[in-house]
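Numbering (mature numbering (1 follows the signal peptide of the UniProt record, and there is no 0)) for the sequence shown: -19 to -1, 1 to 521. Beta carbons are placed, not taken as given, at the ideal position from N, Cα and C, and that holds for glycine. Here's the structure we're looking at; comments come further down.
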Amino acid sequence: MKIFCMYVVLLQLLGTCLCQFPRLCANSEGLRTKECCPVWDGDSSACGALSGRGFCTEVLVSDEPHGPQYPHSGIDDRERWPLAFFNRTCRCAANYGGFNCGECRFGYWGPNCAEYRESVRRNILTLSTAEQQKFISYLNLAKNTINRDYVISTATRAEMGENGENPMFSDINTYDLFVWMHYYVSRDTFLGGPGNVWRDIDFAHESAAFLPWHRVFLLHWENEIRKLTGDFNFTIPYWDWRDAQSCEVCTDSLMGGRSSLNPNLISPSSIFSSWKVICTQPEEYNSREALCNATGEGPLLRNPGNHDTNRVPRIPTTADVEFTVGLPEYETGPMDRFANMSFRNVLEGFASPVTGMAVPGQSTMHNALHVFMNGSMSAVQGSANDPIFLLHHTFIDSIYERWLRTHQPLRTNYPRANAPIGHNDGYYMVPFLPLYRNGDYFLSNKALGYEYAYLLDPGQRFVQEFLTPYLQQARQIWQWLLGAGILGALIAAVIAVLLIVARRKWKRQQRRSRSPSYGERQPLLQSSSEEGSASYQTPL
């Protein structure tokens, strides 16, 4: 409890954000002034300052040195994020959040963001059929709805002009917004000239920020779906793939089965067969020295199990997960994909979950599932195109949570300096705006307002995984149940009336049968005690 309170206090001090390029800042004025402090409609002041929700302030970036993996400086917009675009943003106070402080922080609700609420992420395989269908419908709605708050950049900052005279931003649907963000954070650096790029760079993978970055990514994805649907109880389900022998979620009723016409495609019976992918052609972008502009690039591809088995011999097991969670050190050595006995590197999948040692040329744990899917999900930059990405990363986040609860690390366990560029504690996460620091999310999800069903104690787990689905299903069909109850009550009442009438009629018949008619003579006494005496009758 003490640790939880410390986390809550810490969150009070942090700014909060939503996603890449708020629409209100994506214009010439915003680029010229380098300020992104939108007005909150509630009081018509920047960052809701008049209501004490936040204020517009200078961005101070960390000057701690990064590792040797990236030897360049001043050529990539993501360096010292977000200074290439903005140097003033909103910093929200108390429990307020959002790009203009008009929303609440993760885990807080209500008009004044004073109510803490904990949501539970559940196993997709234990959801009711109705809940599974609702999740899929939300995904498809997000894929087909332009995001109202955010746009994407379709060019580098230099291409937009020194004073922002040529802003190059584009609308995008809510699902693809997150696909683009995942592409942007992991793309290669343009060094000048067609195909001249630096590949050994990634602001969200292959080092310490891998787990905190994806944690924030999932929280924002949840938040956008809640705003889109109005369902503020929504949480992303997870797929617990431990010991699985196949893709258990690859069915037409869930994430789409395999097409019988082409094993690399999704079954026509699934809504996902109509989806178009974006940001899947990095070599083309590099050759043109251009950013992905979110144009559709063909169907979603997936052929689970038909992958290189030398690289991934099997889906990770329970034993693999237990070994990984037991590793005490978060980062070690070079703090990259060659780190040994590093919890992060083993969980990410560059080291063995049996020995803890780096295994170049093989993919384990997190990476293994991406390779196993053998399609759009298997290339880093475009992997979020496949909705299984969400189920997979939510389960990875739960393993991260298990490690945090098991070892309860101090903030100092997270690397402060010399990690690959973008991964130090004080580095702001690319491409979120306003800003999140990596080290601020090296903490339990209890401080962020969510929990995992399988990490609950047995009693709570029974309620979440067994009782809750039945109650929710009953709530969805309550009108039918009410009608059935009323009809049943009417039938029971009619039967009761009929029984009462029948019983009364039967009793009357019984009384009649016991009462003789007047004048009828019945033998009351018959005696033969004396020889020859005659029998006699006495009238009533």
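Per-residue burial, residue i [other beta carbons within 10 Å of its own, 16 or more giving buried]
i      : result
ARG129 : exposed
VAL478 : exposed
GLN1   : buried
VAL411 : buried
PRO175 : exposed
ALA434 : buried
PHE331 : buried
GLN362 : buried
ILE369 : buried
HIS195 : buried
ILE377 : buried
ARG318 : buried
LEU158 : buried
GLN226 : exposed
LEU235 : buried
ASN204 : buried
SER100 : buried
Test item: CB-CB of residue i and residue j under 8 Å
i      : j      : result
LYS257 : GLU229 : no
PRO148 : LEU12  : yes
ASN154 : ILE127 : yes
ASP181 : TYR51  : yes
MET354 : ARG283 : yes
ILE105 : TRP220 : yes
ALA320 : ALA339 : yes
GLY342 : LEU308 : no
SER344 : HIS163 : no
TYR75  : PRO396 : The sequence shown places Ala at residue 75, not Tyr. Not closer than 8 Å, so no.
TRP161 : LEU172 : no
GLY420 : ARG392 : yes
ASN177 : PRO244 : no
Own chain residues within Cβ distance below 8 Å of residue i, not counting five before or after
i       : result
LEU41   : none
LEU(-7) : Any reading at LEU(-7) must be qualified, since the residue scores a pLDDT of 37, below 50, and its modelled position is unreliable; the value itself is stated next. Nothing meets the Cβ criterion.
Expected contact under 8 Å - CB spacing of residue i and residue j to nearest Å
i      : j      : result
GLU186 : ASN405 : The question names Glu, yet the displayed sequence has His at residue 186. Wrong, their Cβ atoms sit about 15 Å apart, outside the cutoff.
PHE215 : TYR119 : 7 Å
THR110 : ARG72  : Not quite, the Cβ-Cβ distance comes to about 44 Å (not below 8 Å), so this is no contact.
ILE133 : ALA275 : 6 Å
ILE56  : THR170 : 7 Å
ARG138 : ASP22  : Not really, about 29 Å apart at Cβ, beyond 8 Å.
SER54  : GLU60  : 7 Å
GLU329 : PHE191 : 5 Å
PRO63  : TYR409 : 7 Å
ILE217 : LEU122 : Incorrect: roughly 15 Å between the Cβ atoms, too far for contact.
TYR422 : PRO249 : So it is not a contact: roughly 40 Å between Cβ atoms.
ARG418 : GLY430 : Going by Cβ atoms, the distance from ARG418 to GLY430 rounds to 19 Å, so no, they are not a contact pair.
THR334 : ASP301 : Reading off the sequence shown, one finds Pro at residue 334, where the question assumed Thr. Between ASP301 and PRO334 the Cβ distance is about 4 Å, and since that is below 8 Å, they are a contact.
CYS231 : PRO285 : 6 Å
7 Å CB neighbourhood of residue i in its chain, flanking five on each side removed
i      : result
LEU281 : ILE247, PHE253, TRP256, VAL258, SER357, ASN366, ASP367
TYR499 : Summary for TYR499: the model assigns pLDDT 44, below 50, so the residue's position carries little reliability; its value from the coordinates is reported in the next sentence. None.
HIS374 : HIS195, LEU199
ALA398 : GLU45, PRO46, ASN405
TYR266 : LEU272, CYS273
THR313 : ALA320, ASN321, MET322, SER323
SER9   : GLY145, GLU146, PRO148
Option in the options with minimal Cα separation from residue i
i           : options                        : result
GLU146      : ASN125, ALA483, TYR395, THR14  : THR14
residue 523 : PRO285, SER379, LYS488         : Since the displayed the chain opens at -19 and closes at 521, residue 523 lies outside it and no answer follows.
VAL306      : ALA139, TYR395, GLU60, PHE324  : PHE324
ASP183      : ASN326, ARG168, HIS53, LEU172  : ARG168
PRO3        : MET316, GLY23, GLY35, PHE67    : PHE67
PHE304      : THR387, GLU264, GLY464, ASP44  : THR387
THR135      : PRO334, LEU5, CYS260           : CYS260
ARG98       : LEU480, GLU16, ASN426, CYS6    : ASN426
ARG292      : GLU265, VAL352, ASN81          : VAL352
TYR165      : ARG383, GLN490, ASN125, ALA271 : ALA271
TYR381      : ALA400, GLN490, GLU432         : GLU432
ASN93       : TYR311, ASN144, ARG223, GLY29  : GLY29
PHE80       : LEU108, SER100, CYS6, PRO49    : CYS6
GLY389      : HIS373, TYR311, SER100         : The question names Gly, but residue 389 is Gln in the sequence shown. It is TYR311 whose Cα lies nearest to the Cα of GLN389.
THR299      : ASN326, ASP224, ASN287, GLY286 : ASP224
ASP152      : ASP24, ASN125, ALA65, SER100   : ASN125
ARG34       : GLU10, ALA65, ALA95, ASN8      : ALA95
Sequence-distant residues of its chain with Cβ nearer than 6 Å to residue i (five each side left out)
i      : result
GLY78  : THR(-4), GLU84, CYS85, ARG86
PRO263 : GLN362
LEU200 : PHE87
ALA27  : CYS18, VAL20, CYS37
GLU16  : ARG69
Residue i Cβ short of 7 Å to the ligand FMN heavy atom set
i     : result
TYR89 : You won't find the ligand FMN in this model; it holds no ligand whatsoever.
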